[in-house]
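Peer 1: Add 62 to the 1-based position in the sequence shown for my numbering, that's all there is to it. Next up is a structure, given as C-alpha cells.
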Amino acid sequence: YTAVDKAESEPELANAINHLAVKNMAEVAKAQQIKLVHISTDYVFDGTNHKPYVETDVPNPQSVYGQTKLDDEYLYEKYSKLGTKIIGLRYFNIFGQGQTPEYAGVITKFLDRIRERKPPIIFGDGTQLRDFIYVEDIVMANLLAMESQISNLLVNVGTGNAITILELAKMIIDISGLDIQPIFEVPLEGDIKKSQADTTLAIKSFNW
Numbered sequence: 063y064t065a066v067d068k069a070e071s072e073p074e075l076a077n078a079i080n081h082l083a084v085k086n087m088a089e090v091a092k093a094q095q096i097k098l099v100h101i102s103t104d105y106v107f108d109g110t111n112h113k114p115y116v117e118t119d120v121p122n123p124q125s126v127y128g129q130t131k132l133d134d135e136y137l138y139e140k141y142s143k144l145g146t147k148i149i150g151l152r153y154f155n156i157f158g159q160g161q162t163p164e165y166a167g168v169i170t171k172f173l174d175r176i177r178e179r180k181p182p183i184i185f186g187d188g189t190q191l192r193d194f195i196y197v198e199d200i201v202m203a204n205l206l207a208m209e210s211q212i213s214n215l216l217v218n219v220g221t222g223n224a225i226t227i228l229e230l231a232k233m234i235i236d237i238s239g240l241d242i243q244p245i246f247e248v249p250l251e252g253d254i255k256k257s258q259a260d261t262t263l264a265i266k267s268f269n270w
C-alpha cells in the first residue's frame with residue numbers, strides 16, 4: 063500500500079495493510095525462526111533536513127503513510143528484542159519498468175505525459191528534492207540483506223544523490239525535444255520537501 067495520497071484518504075485501510083499485516087508477518091517469523099526483510103520508507107522523516115538522512119535521525123512523519131511505516135519500525139525493535147531476525151530497508155524513491163498506474167512514481171508520470179506530448183505536472187513549486195533509485199538496485203538490496211549474516215538492522219536504501227522535481231521535469235522535456243513547460247499545481251497532501259539518503263550504513267553493513 064504505497065500511494066501516499068491514497069493513504070491520507072483511507073487511513074484505516076493503510077494501517078491494516080502497512081502495519082497490521084507486518085505484525086502478522088513478524089509473528090510468523092518469530093514462530094518459524096526465519097529472517098524477515100521488511101520495507102520501510104523515507105517518509106518516516108519530515109523532509110526538512112538540509113543534508114542526507116542518516117538512520118539515527120529522529121523520525122517525524124508528516125503523513126498517514128509515513129506513520130504506518132514508523133509503527134512498523136517500532137515493531138522491528140520489539141521483535142528484535144524477542145530474538146527475531148528482522149532487517150528493515152528504508153526505500154527512497156524507486157523508479158523503473160513495471161510501475162502500475164495505481165503506483166506510478168513521478169518519473170513514470172512525467173514520461174507518460176511526454177509520450178502524449180503533454181507537459182509534466184508538478185505538484186508544488188518543483189523545489190522538492192528526491193533521491194531516485196532504480197528498481198533492480200532495490201532488488202539487489204533485498205537479496206543482500208536477506209543473504210547477509212546480519213540479524214537486525216534498519217538501513218537507508220537510496221543512491222545518496224538527489225535532484226529537484228523541476229530539474230527532473232526539465233531534463234525529461236529536453237530529452238523529448240518538445241517545446242513545452244511544466245504545469246504547476248497545488249502540493250499533494252502528505253508530501254515531503256526533501257528526501258536524500260545517506261547510504262554509509264548500507265555500504266558498511268552488506269556492501270550495498
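Just so it is clear, CB atoms sit at the ideal spot from N, CA and C, and this is done for glycine as well.
In whole angstroms, give me the CA-to-CA distance for asparagine 111 and valine 120.
Peer 2: Taking the straight line joining both Cα atoms gives about 11 Å.
Peer 1: Can you tell me whether asparagine 155 is buried or exposed? The criterion is at least 16 other CB atoms within 10 Å of its CB, across all chains shown.
Peer 2: By the neighbour-count rule (16 or more Cβ atoms within 10 Å), asparagine 155 is buried.
Peer 1: Could you pull the DSSP bridge partners for glutamate 247 from this structure?
Peer 2: Looking at the DSSP assignment, glutamate 247 forms a beta bridge with Phe185.
Peer 1: Spatial neighbours of proline 182 within its chain, please: CB distance less than 6 Å, with the 5 preceding and 5 following residues excluded, ordered by chain position.
Peer 2: Within the same chain, proline 182 has close Cβ partners Phe172, Arg175, Ala231, Pro244.
Peer 1: Would you check if the distance between the CB atom of lysine 256 and the CB atom of leucine 191 is smaller than 8 Å?
Peer 2: It is a contact, given that the beta carbons lie within the stated cut-off.
Peer 1: Pull the bridge partners of arginine 152 from the DSSP assignment, please.
Peer 2: For arginine 152, which the question treats as bridged, DSSP gives the partners Ser102, Asn218.
Peer 1: Looking at the secondary structure, which residues open and close the beta strand (DSSP E) in which isoleucine 195 lies?
Peer 2: Start and end: 194-196.
Peer 1: Exposed or buried, what is glutamine 95 when buried is set at 16 or more other beta-carbons lying within 10 Å of its beta-carbon?
Peer 2: Exposed, by the Cβ-count rule.
Peer 1: Does threonine 226 come out as helix, strand or coil in the three-state DSSP assignment?
Peer 2: Strand.
Peer 1: Are phenylalanine 194 and threonine 226 touching if we call contact CB-CB under 8 Å?
Peer 2: In this structure, threonine 226 does not lie closer than 8 Å to phenylalanine 194 by Cβ.
Peer 1: If you draw a straight line from the C-alpha of alanine 88 to the C-alpha of glutamate 209, how long is it?
Peer 2: Roughly 18 Å between the two C-alpha positions.
Peer 1: Smallest Cα separation from leucine 137: which of Val99, Leu228, Gly109?
Peer 2: Among Val99, Leu228, Gly109, the Cα nearest to that of leucine 137 is on Val99.
Peer 1: Could you check whether glutamate 117 and valine 219 sit closer than 8 Å to each other, using their CB atoms as the reference points?
Peer 2: In this structure, glutamate 117 does not lie closer than 8 Å to valine 219 by Cβ.
Peer 1: Judging by CA-CA distance, which residue of Phe268, Leu215, Asp241, Val201 is the nearest neighbour of glutamine 159?
Peer 2: Closest option to glutamine 159, Cα to Cα, is Val201.
Peer 1: If you follow the alpha helix (DSSP H) that glutamate 89 is part of, which residue opens it and which one closes it?
Peer 2: From DSSP, the alpha helix (DSSP H) with glutamate 89 extends over 83-94.
Peer 1: Hey, would you say glutamate 135 sits closer than 8 Å to valine 106, going by beta carbons?
Peer 2: Contact flag set, yes.
Peer 1: Please list, in chain order, all residues of the same chain as arginine 179 whose beta carbon is under 7 Å from its beta carbon, the five residues on each side excluded.
Peer 2: Correct list, in chain order: Leu240.
Peer 1: Assign leucine 240 to one of three DSSP states: helix, strand, or coil.
Peer 2: Coil.
Peer 1: Please state the DSSP three-state secondary structure of leucine 144.
Peer 2: Reduced to three states, the DSSP call for leucine 144 is coil.
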